[in-house]
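This note's numbering puts the sequence shown at residues 188 to 333.
Ideal Cβ placement from N, Cα and C applies to all residues, glycine included.
So the structure is just underneath, and the comments pick up after that.
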Amino acid sequence: APIAGQVTFTNTGRHIVARGHFSTTVELECSRCLRMHSIVIDLPIEEELPIAGHTLEMLEAAQEEEIPEDEREPLFVDSIFDLTELLRQSILLALPMRPLCSEECKGLCPHCGANLNEGPCGCPTDLDANPFAALAKLLEDEESIE
Numbered sequence: 188a189p190i191a192g193q194v195t196f197t198n199t200g201r202h203i204v205a206r207g208h209f210s211t212t213v214e215l216e217c218s219r220c221l222r223m224h225s226i227v228i229d230l231p232i233e234e235e236l237p238i239a240g241h242t243l244e245m246l247e248a249a250q251e252e253e254i255p256e257d258e259r260e261p262l263f264v265d266s267i268f269d270l271t272e273l274l275r276q277s278i279l280l281a282l283p284m285r286p287l288c289s290e291e292c293k294g295l296c297p298h299c300g301a302n303l304n305e306g307p308c309g310c311p312t313d314l315d316a317n318p319f320a321a322l323a324k325l326l327e328d329e330e331s332i333e
């Protein structure tokens, strides 16, 4: 899906500061019923992008031996901005870990695999197959003692 947004760039001398926002639509599979659904992601952007050449100067000034992970490849080289990786990472972090088509999603029947959002599947509701059936029997036994 296309990404739309607005970004303002400010040159601080050693960095280009990018501020703004963007939005896009992502197709995800519901983790309960496995249906595809769309979510809109609308995120702010606020990043300091190192200018090519200044990363090494900063390291020499700080007398560090290794280039930090986030400064290995500047996003601003020869007056060209490449925000692809920055946007990709922002979108991935914004995605839900367990995407749902709706909060009320009933998921799939564990026996026949029918989508329970479309109606009951007709499978018998066998309480003995429920892993908590033993706990229900304990409650019944406790109530009969009293």
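Worksheet entry | Extent of the continuous beta strand (DSSP E) run through I332 | That residue, I332, is in no beta strand (DSSP E); its alpha helix (DSSP H) goes 320-332.
Worksheet item: Can you tell me whether L326 is buried or exposed, with buried defined as 16 or more other CB within 10 angstroms of its CB?
Response: exposed
Item to complete: Would you give the residue range spanned by the beta strand (DSSP E) that T195 belongs to?
Response: 191-198
Item to complete: Kindly indicate which three-state DSSP category T271 falls into: helix, strand or coil?
Response: helix
Practice prompt. Please go through the same chain and pick out, in chain order, the residues whose beta-carbon is closer than 7 angstroms to the beta-carbon of C310, but skip the five residues on each side of it.
Written response: C296, H298, C299
Worksheet entry | CB-CB length for A199 against R206, believed under 8 angstroms | It should be pointed out that residue 199 corresponds to Thr in this sequence rather than to Ala. T199 to R206, Cβ: 12 angstroms. No contact.
Item to complete: Name the two residues that bound the continuous beta strand (DSSP E) containing A205.
Response: 202-216
Fill in: Cβ neighbours of E281 in the same chain (closer than 7 angstroms, five flanking residues each side left out)
It is Ala, not Glu, that sits at residue 281 in the sequence shown. Cβ neighbours of A281 beyond the five flanking positions: I228, L230.
Item to complete: Tell me whether S289 sits in a helix, a strand or coil according to DSSP, three-state version.
Response: coil
Item to complete: Would you check if the distance between the CB atom of F209 and the CB atom of L274 is smaller than 8 angstroms?
Response: yes
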